[in-house]
Each structure stands twice: as structure tokens, then as C-alpha cells.
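Written out below as C-alpha cells is the structure these notes cover.
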Ligand SMILES: Cc1cc2nc3c(=O)[nH]c(=O)nc-3n(C[C@H](O)[C@H](O)[C@H](O)COP(=O)(O)OP(=O)(O)OC[C@H]3O[C@@H](n4cnc5c(N)ncnc54)[C@H](O)[C@@H]3O)c2cc1C
Ligand SMILES: Cc1cc2nc3c(=O)[nH]c(=O)nc-3n(C[C@H](O)[C@H](O)[C@H](O)COP(=O)(O)OP(=O)(O)OC[C@H]3O[C@@H](n4cnc5c(N)ncnc54)[C@H](O)[C@@H]3O)c2cc1C
Ligand SMILES: Cc1cc2nc3c(=O)[nH]c(=O)nc-3n(C[C@H](O)[C@H](O)[C@H](O)COP(=O)(O)O)c2cc1C
Ligand SMILES: Cc1cc2nc3c(=O)[nH]c(=O)nc-3n(C[C@H](O)[C@H](O)[C@H](O)COP(=O)(O)O)c2cc1C
Ligand code: FES
Ligand code: FES
């Protein structure tokens, strides 16, 4: 069994994904075997330890995650250079279960991070992917080129939406779902991104009776299912998630996109 | 790795070997794989824990030791019946290394216990055994029949000596060594029994330049080489022994048969 | 033969199973607490709640060491008023719910209890032994007068059973237990975690943000078992054993030295939530094998030697 | 690059390697002590010696638990006069030999030292912290006045360095260390074992004949590391870390929190006597990798954060 003690890894490579998003690549055999949707607890010595989805795994023992500069911890990660030391423990949590068939992927921002390795497996499985990537405006898109490259391997499509119309179709990512779902050939929907988007994806999927898997975020401390800080309903995002199926998502619909808990455990409006 | 916590075993069978010696047979996979010369720490709940040589191992997971009623602990063992519970940990220590060739075995009393399984392996290896069993008087012999059965498998001989002449030749076990050694075909000598006898065996073997292995006894507490109570010279009987080769025996000749330590660690005359 | 009886009572708290969820483990939301109960816990203890909201320490708050875990969560909690709301969100009368409380003075404890009093809380556990938060933990445990005040204040405020959770970071845990009994505690919970530390040798720094944390898990079991053994010889109120229970064998050890019930925390990290059912089954099988009809028949047996 | 320098000094005790044999481990005979020195220990500590002969407790005196061992040897020792003979049997002037002493009062300690004084003993370690022998162990440690008396008496009797070995079974080990420093101790050894217990669930009885024993090995390391860390922030004399060192990584943790030297006991059960050479090599490789020329460069580094 892998220990829940941080393994110190060296950042080998930092890749700019956008002005505020970077991917950090490091060598770690265990992480390189992560399944899509799993996350690691990343220790930034002297700063913090935060959960990050694995956004990349390579056969040669490399793995990576993709961070958006938000607060102190993510900025510290964003500012790391090749050679910096990090601790990682994990990978933790339930992963996306890839199927063979026609699938839809709905993502936004760094929510795309776990959806990239998922797409890789899906296209290896010869699944067709209808990928909808949403954003407020053109600047904040990441992974579009990488997605195109992955999707080129099967009969797939990418739909880009922006709220201001500066890139792709004007509107919300979820607006682009219905026309495709109406055709009736989508077997499964995968999604990750802002929780209100996820909630909308769930609702639309329910209308069309398509099963979904969504990756959620909550405050994490232990990452291993004992501290309770990541709870949502009767579930622990770190252990029962972060990827949840439709039935569980329906159970927690009363919290989804509505409230989450802060570091004290107090429920706060999202 | 096997834990150094007593494994509770049930005594399956008690065999009378003489008026004061009994063998206790129990089921324990780990002990059934002991090598000849290894010992177990036997916990008699509520009484004591003492070292006992494994005197018998069977392919079906059975093992046994043979105890002479001496003091409190050995008497408690002697009085045990089928169904009694014991704790065993081990097997511990260095074992006899059987060779293929012509060997001599010199034993007395319960010192024969580890020499029996050794003889079994030796005869399986088609070695010839010259076994000398010594005793004060006819009553205290054990394992003679078993030895005969084992030795019948190869060209071997058994010589019995008693100090009072009541059984076999009159004299000491060691008196019977020279005539055989003089023939010059003995490749190795194995011995276990009273320490003064072992010392004598060593001295005779030195004269004939035959390598020996002897199993020694000292007070044991830990059995795993950390407490130091079983020390003899720079060695620990439990870990560096109980079976010692000639070079090590020569190193400790100044203590052998002369003094040992009591439970306090104080050196006392043997 | 009939199934052995695992039900126990600690004062007015009736439990179908002697296995409780330890405080601080998943005890943040009422839904999670209920889930643990449904997964086989005989009673569930909430995370320790204080008067004011506390964010707790920064991450890393937890790290694995050989045979256990270190944590320095730092008593993060939403504050008593917010927690009252948490408990009011659903019916809890069927839930064997124990609320764990911490505080620096007796008045804090009594105010908190007065807030919770109308709810169907089944018992209180006073955490006067958190090893890594200054002013709330071991310091409290050490101060006999303060312990006395707190327990007395709490007993005045509520009729419900009051458990006092002790720290193993004390030279004389027996004295602390005796004192708690004398001033009216209904049970003793032993033990909380041990002050400990883990250093990362690559970066040369303590791993926990708070540097020092509390050690839990299998490593502390032999010490916790000894604490229960010693306390059992000196007090008459029930003892709730806690520390390193992962398998049913661990639980049996605690019962044999005198625990009436057992709490499980870190065991969940090793075995998941099925740890309760697995241990329950193991205890039943053990009792059956030993020909005992009730768990009560083995409590304290190790003292007969 | 040159090999990193592992030599250290604790007062007048010079050691080629910072790894010492802990007291009670193989320290019964001068030949065994010498062997451990030859196998790579920088210094060797004898079994704790008392004024009178003691047979110690009945067997079982040792039992393995998860991640460690429990022992209740019971301070068996031949008595100081007999031990004087033991040490006189051969030349010991080249041996970095530390004699561990226990006793119930200061006069016992000074008498013992006056007996040994003419021998080439290099230092004394006062074991005032054995957890399982009434009157000689934790009780001594707890009694500040007694600790003071003992150390003062010993310092009066000898010029040799005096190490004081503390118990982790104390609520406040830092205070005990400060006290020892104040009255003249030359170094603090932390820690001794933890009072603990193991029950056999088949026979329902404590396994050790003495029932309660001392817990050692990897399980206690995070607690011992914390003790060293806290003491380092409060005293200036050297600290000898002890508890659960099995691998070089464990040793490094102790150095980083401030240990000048390390003692190894139970590690020998896991790794045999080669444990000293293996750890020494690991430390050298670590220092080389980190570009440090001397072990001294890493002592206490974990306090920089
Ligand atoms: C399973 C999971 C996967 C994630 N994957 C990614 C990813 O791939 N890329 C990415 O950029 N971000 C990811 N996040 C979010 C990330 O962990 C941080 O929350 C985010 O980087 C902001 O952290 P900060 O401390 O810099 O910001 P702060 O300003 O300190 O915090 C901003 C908000 O971040 C959240 N946060 C802070 N600490 C934690 C914590 N310990 N656990 C969870 N949330 C926290 C809180 O909601 C907080 O209010 C993931 C979160 C989870 C739970
Ligand atoms: C490696 C080894 C293998 C042994 N194998 C056998 C065997 O196969 N059959 C057998 O009958 N005996 C064997 N013994 C001896 C046995 O362990 C006991 O010493 C013996 O049974 C007497 O014990 P007692 O406690 O009944 O007698 P007591 O009267 O209590 O003691 C008599 C003497 O036994 C010795 N003794 C007591 N306790 C111990 C102890 N813990 N460790 C070692 N010696 C002790 C002491 O010399 C003591 O003076 C062996 C000893 C060792 C070291
Ligand atoms: C992550 C974590 C958080 C804890 N929080 C609390 C707490 O809030 N209050 C409390 O009394 N004990 C707390 N504890 C201590 C446990 O309740 C328990 O006493 C200890 O972990 C030993 O039991 P275990 O080995 O079964 O975990 C916590 C333990 C852990 C591991
Ligand atoms: C078998 C055994 C005997 C011990 N005897 C003594 C002793 O006589 N005096 C003493 O100060 N410490 C004694 N100790 C404690 C050790 O010296 C050491 O402090 C403790 O075992 C922790 O270190 P470790 O984990 O490396 O073993 C003994 C420990 C063991 C395991
Ligand atoms: S982060 Fe602790 S339970 Fe999920
Ligand atoms: S019995 Fe302990 S070292 Fe041999």
C-alpha cells in the first residue's frame, strides 16, 4: 500500500496553458498510474497542501497537474520553476469510468484537467466524443489544442462557447448540450467545472435520461476519508468522490451548487 | 517476517520419553519448518517462558519439543496434557548444517532433542552416522529407539555409554570418540548436552582436526539478540548460536563449561 | 446457539454495538454521522465543538507515519451556534449521538450545553485532551481544579451522560480518571492522541503546518490498552477505550483490560467504513468460540491474572 | 569530495560516529559491548546498573507488538560491585564506554560512581526513567527535588560527562530537561520506553509476566522526535535522541530536530548488528547529496521553519 506521507518530487517542466494557468510535470511512478479523475494532495512546503487533479500521465513515470492561480497556494504552485520541490500524496479518490460508445464531455477552465486524460482513454477505446468547452471569454481557455489533438483520433467534435461570444458560440456550455442530446445517441456524459455548471449538466442529463459522471470539489484536509472536511451530503468528496455518478449526484442535489463548507466546517453559500 | 509475539498453540499429543522426559507435539506451520538446532521460546501462561529445542518436525505442520522435568517451568510443561495451551515464538537461532559424509554425533539427555531431526536429514543425505549417546545410568536414556530407526536407513552405528555401566559400555560418551576418530574417516562432529561434555568433545575434535558444531545453552530472555542475557564471550547464544562452529567455540573456550550468567547477568561457576 | 449479545449501556446511553465513531473523524455533518451509524457504529461522536468558530490549522494537517497517522487539524469547528443549526437540520432522536465539546473554561462548556440541551443529543464527551492546541487540550487535563470545575459545571447543566476524554500525554492518567469520577463523570474515554512529529528529510522541515500533531492508529494501541488497564483498577465508572483499533483482535484486547465500549478513528483510514461491521462480526465469532453469550462476560477478564 | 565528517563530541566524550548503543541492549558483558563498538557504534552504553543485584522479572520479558517491542526486563543487573569486576576483566581505555546507572536515591548514585571512578569509564548515563520498575523509574523522573539531588550528587563525585535519560511518560518533558541542565547535566538522552501492554486474546491474559512493560521501536519514533524538538528549543546542552531508529532516514530526522547523537536499541532486533554500519553509510550518503561536509551542519535544521 502506498503511504499517505508526501513523496518529495522535483518539478521537471512547467508549461503555460494560459496567462493564469500552468501545468507542472514531475516524475512519480505512482502518480503516473493514476486513473482519470483522481487527484493528489500537493504539498507546497511552507505554504499549504491542496488537492489537484492529475491532468497528465505518461508511461515513462511522469505525471502532471494543472493549476489556476487563485489564492496563496495555487499562486505558489503557479510560480514554481523546473527544479522546485513539491510533496505529493495519492492519487486518491474514485475515477471516471470510461465507456466504449458515444459520449459527451462538458468542461470549463481547469475543470478540463481530469477530462484530458479521460479523453485520451476514451479515444483509445474508439469512443466518439462530443466535447463542449465553455468559458466567459476567449482569454481563459486551456487545453483546446490538446483536446483537438486527442479528439482527432476518432469521429469527435469540439464545441467552444463563451458568454461574451469572443470565441466559438455565444452562450453557456450547457446551452450546447441539448441539440446533441436530442439526436439520442449519447451514452454517457462526463463533466467537471464550476458547480453550477455541473448542476445544470445533471438537470439536462436527467431530462434525456443519460447517465453522468461529475467531478466535484470541496475543502480537503486529509484526502483519505477520515476528517470529514470535504463532506457533501452523506459523502466524502475525497473518498466517495471526487467523481460521482448520477444516483449519488441526485442524492446531494440539495447541496450541489448551493452551499459548501469552509475550513471550519461551517456551511456557506456558494 | 514472523512476529516475535507468542502464537498460541494447542498441545495435541504428549509422549513419555522416560520417567522425567516428555515430548509435546503441537500444530504450528512455522515451527514445522524449523531447521535442526533451532529453538522456540515456549510460553507457559502464568508460569514462565523458556527456550526449547525443536525435537521433531513433520511435513503436515506438526512440531514438537522434548522437555526434562527440572524446575518450575519445565515441570509445568512436563505436566501438560493434550489440549493444554502454550505460546511459542520462533524458531530462532542458527541451526546445525548437515553435510554429506561420515559424521559423528555425541549427545546426552535432552541434548539429543535437536540431534534427532539433524540425524533424519543426515540419513536422508545418505550420510553415515556414528552416534554416541551417553548417560549416568540406564534410566535416563531417551530417543534410543528413535535413533535406531533413523540410523537404520544408512550404514550407521549407535554406541551407548553409561558411567555406571548399567547400559552399553561403561564410561563417558567422549571416551567412545577416540577409537572412531582414529580411523580417520569422520568429516564432522555434532554435539549437544552438558557443557563439560561439549568442551571435552571440542578438545578431542581439535586433536583430530575434525570440525564440530555444538549447541549451547544460556539464560534466555528475549531470544532475538537484543537483551544480552544469553551472552557467552562476544556472542549471543540465541542469535549467534545456539549452534556454534569450532572457530567460535575456540574463541569462547575460556567460558565454556566454566561459567555462565544467572538471571541478573552475574557470572557464576557452572 | 444464539448470537452473542453485543449491546451495552453507558449510563442512559444504550448502544446496539460497543463500537463508537471517535471524535474528529467524519463528525462534521449530521448526514455523515448518520451514515457511520448506518454502517454499524453503536454510537457516533461529533467533531469537538467549541464556543467560537475556528478555522483550524493550515494544511498539511495530516501525515502518515509508520503504523499510524499524525494530525493537527487544530480543533476546526463552526462554533456552537452554527453547530446547533447543523444538528437541527434533521431529526436526530433515533441517532445515538454524542456531542464532543472543548473549551478553555467551565463557563464555555455550560453555555454550549445550554444551547444544545433542547436537542436529542444522547450524551456529551468533554475533550480536555487535544494534544496540539494550546489552552484547550493537555493544559486543561493537567489542571485538576479546572477539570473539576468543568465537569461540575457540565453536570449541573445536563442530566445526560458525560464522558471525559483523557490525554495520554499525562504522567498520571489514573489520577486524572479518578478525579473525573469523583466529580461526577459517567464514563472515561481513553485515549486521545500523543504529541508527536514527522520531519521530511528532503526539505528538512516538519511536515505538518503546525509542526506538532497528535499520533493515532495502531502504534498507540499498546499504550492505550495499558491506560485502560490501569484506570479499570482504580475507577468504577465505565471506560471507553480508544486508540489504534483496526481489527476485532484489537477490540478484544480493550474489552479484556476493562473497556465497556470502544471508539474507532484512524481504523477508518485503513479499513474504510466497513471497519465497524467487520469488527462486530469478529467479536461475535470470538464470543461464540469462547462460549460467551454476552460481551459483558469478557470485560476486564485480563485482570484475573 | 571528501567523506563527510560524522565525528561528534559530547562534553569530553569523543565519538567517531554519532550512533550509540542504547542502554539495556546487549550491555551485559564487556565483550558484547566491545563487539558492538567494533560493529560500528560510536559509543556503547551498558545495561543500567543498580547498587544491589536484581534478577529482574520472570519471563516473558519481551513481546513484539505492531511496529515495536514491549519489554519488562525489570532492571536485572549483577549489582555495582559485580559489575565493577566485569569492567575490570579487560582493558577498556580505548572503548567509548558509557555506564548507565539507576537508583532510588542520590546516595546510591554517588556510591556507585565512587566504585567505578578509577576505571576508564568515559561517561555516565543516569536512567531515571525506566517505565516499569516501581521506585526507580518514572517516579524518580517526576520528583524534581530528587532529580536535582541525584544529578548534583553525581556531578560532585565525577568529572566525567553525565547524561540524564528522561522518560516520555511525563506530561512535561521539557521542564525535566531544563531542570537537568540547570543542575549540571552534560547531555539529555530522550527517550526511554513508554508504559504499555499487550494482551493475549486466546488466554485473556497480559503476555509479559510483569503485565506492563516499556514500548520501544519504530512506533515511538514520532513521539521521541517531538521530545527532542521541544527540548532543543529549551536547553543548550547536547541532546541524544533515542527511540525507534532503524534506518538512516530515522536518524536524519533526529539530527534535524536537534539531536547531536543517537542511540539505537530495538533497531538491532530488526536489522541485526549491521544496523550501525548501514545507518552510518546512509548518513554519509545523505550529507554528500546535500553538500554538507559535517554532520554538525544539519543538527537542528528543522527549527529554521
Ligand atoms: C478534487 C479536487 C481537484 C482539484 N483540482 C484542481 C486542479 O486540477 N487545478 C486547480 O487549479 N485547482 C484544483 N482544485 C482546487 C484547488 O485545490 C484549490 O482550491 C485552488 O487551487 C485554490 O486554492 P488556493 O489555496 O490557492 O486559494 P485560496 O484563495 O486560498 O482559496 C480559494 C478557495 O479554494 C478552496 N480551497 C482552499 N484550500 C483548499 C483545500 N485544501 N481543499 C480544497 N479546496 C480548497 C476554497 O474553496 C477556498 O475558498 C481541486 C480541488 C479539488 C477538491
Ligand atoms: C537454546 C536452548 C535450548 C534448550 N532446549 C531444551 C530442550 O530441548 N529440552 C529441555 O528440557 N531443556 C532445554 N533447554 C533448557 C530449558 O530452557 C530450561 O533451562 C530447563 O528446562 C530448566 O528450566 P526450569 O525453569 O524448569 O528450571 P529452573 O529450576 O527454574 O532453572 C534451572 C536452570 O535452567 C536454566 N534456565 C531457567 N530459565 C531459563 C531461560 N529462560 N533460558 C535459559 N535457561 C534457563 C537456568 O540455568 C536455571 O538455573 C534449552 C535451553 C536453551 C538455551
Ligand atoms: C483527523 C483526526 C481528528 C481528530 N479530532 C479530534 C477531535 O476533534 N476531538 C477529539 O476529542 N479527538 C480527536 N481526535 C482523536 C480521536 O478521537 C482518537 O482519540 C484518536 O485518534 C485515537 O484513536 P484512533 O487510533 O482510533 O484514531 C482526532 C483524531 C484524528 C485522526
Ligand atoms: C530489552 C530492552 C531493555 C532495556 N533496558 C534498559 C535499561 O536497562 N536502561 C535504560 O535506560 N533503558 C533501557 N531500555 C530502553 C532503551 O535504552 C531505549 O531507550 C528504548 O528502547 C528506545 O529506543 P529504541 O526504540 O531504539 O529501542 C531497554 C530497552 C529494551 C528494548
Ligand atoms: S478530506 Fe478528509 S474526509 Fe475528505
Ligand atoms: S536472549 Fe536476549 S540476547 Fe539472547
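Residue numbers (this note's numbering), protein chains in the order written: chain P, 5 to 274; chain X, 5 to 274; chain S, -19 to 285; chain A, -19 to 285. We treat Cβ as the ideally placed atom computed from N, Cα and C, and that holds for glycine.
Residues of chain S with a Cβ closer than 7 angstroms to the Cβ of residue 233 of chain A are, in chain order, 179 and 181. Taken through DSSP and simplified to helix, strand or coil, residue 209 of chain S comes out as helix. Across the segment 204 to 235 of chain P, CB contacts with chain S closer than 7 angstroms involve 225, 226, 228, 229, 230, 231, 232, 233 and 235, in sequence order along the chain. At a cut-off of 8 angstroms between beta-carbon atoms, residue 23 of chain X makes no contact with chain A. Residue 182 of chain X and residue 208 of chain X have their C-alpha atoms some 7 angstroms from each other. Closer than 7 angstroms to some heavy atom of ligand 2: that does not describe the Cβ of residue 146 of chain X. CA-to-CA, the gap between residue 150 of chain X and residue 120 of chain X works out to about 8 angstroms. Rounded to the nearest whole angstrom, the CA to CA distance from residue 173 of chain A to residue 219 of chain S is 25 angstroms. Beta-bridge pairing by DSSP links residue -11 of chain A to A/-6. The beta carbon of residue 235 of chain S is closer than 6 angstroms to those of 278 and 279 in its chain, skipping five residues each way along the sequence.
Residue 238 of chain A is not a Cβ neighbour of residue 51 of chain A, given a cutoff of 8 angstroms. Cα atoms of residue 17 of chain P and residue 245 of chain X: separation of roughly 56 angstroms, rounded to the nearest angstrom.
Non-local beta-carbon contacts of residue 52 of chain X in its own chain, meaning distances under 7 angstroms to residues more than five positions away in sequence, involve 76 and 77 in chain order. Along the segment 236 to 248 of chain S, going in chain order, the ones with a CB nearer than 8 angstroms to a CB of chain P are 245, 246 and 248.
Excluding residues up to 5 positions away in sequence, 8, 96, 242 and 243 lie with their Cβ nearer than 8 angstroms to the Cβ of residue 228 of chain X in the same chain. Between the segment 168 to 185 of chain S and the segment 247 to 257 of chain X, the count of C-beta pairs closer than 8 angstroms stays below three; the two stretches do not touch.
The residues 262 and 263, in chain order, have a CB closer than 8 angstroms to that of residue 273 of chain P in the same chain once the five nearest residues on each side in sequence are set aside.
Between the C-alpha atoms of residue 39 of chain A and residue 42 of chain X there is a straight-line separation of about 19 angstroms. Rounded to whole angstroms, residue 34 of chain S and residue -5 of chain S show a C-alpha spacing of 31 angstroms. The criterion of a C-beta distance shorter than 8 angstroms is satisfied by residue -1 of chain A and residue 244 of chain A. Contact residues of the segment 14 to 27 of chain A toward chain X are 14, 15 and 27 (C-beta to C-beta distance below 8 angstroms).
Under the Cβ criterion of 8 angstroms, residue 58 of chain A is counted among the residues facing chain X. Residue side-chain check: residue 51 of chain S keeps its Cβ at 7 angstroms or more from all non-hydrogen atoms of ligand 1. Under the three-state reduction of DSSP output, residue 100 of chain S falls in the coil class, being neither helix nor strand. The beta carbons of residue 118 of chain X and residue 196 of chain X sit closer together than 8 angstroms. In terms of Cβ geometry, residue 107 of chain X and residue 193 of chain X form a close pair [threshold 8 angstroms]. For ligand 2, no non-hydrogen atom lies closer than 7 angstroms to the CB of residue 24 of chain S.
Relative to ligand 6, the beta carbon of residue 37 of chain X is positioned no closer than 7 angstroms to any heavy atom.
Per DSSP, residue 239 of chain A is not a residue of any beta strand (DSSP E), being assigned neither H nor E. A residue is called buried when at least 16 other Cβ atoms come within 10 angstroms of its Cβ; residue 13 of chain X meets this threshold and is buried.
Contact with chain S is found for residue 285 of chain A, since one of that chain's Cβ atoms lies less than 8 angstroms from the residue's Cβ. Within chain S, not a single residue places a beta-carbon under 9 angstroms from that of residue 159 of chain P; the smallest gap is close to 41 angstroms.
In the DSSP secondary-structure assignment, residue 186 of chain A is bridged to A/179. The segment 50 to 68 of chain A makes contact with the segment -2 to 15 of chain A; the number of CB pairs closer than 8 angstroms reaches 3 or more.
Between residue 211 of chain S and residue 154 of chain S, the C-beta spacing is below 8 angstroms. Within 10 angstroms of the beta-carbon of residue 130 of chain P lie fewer than 16 other beta-carbons, which makes it exposed.
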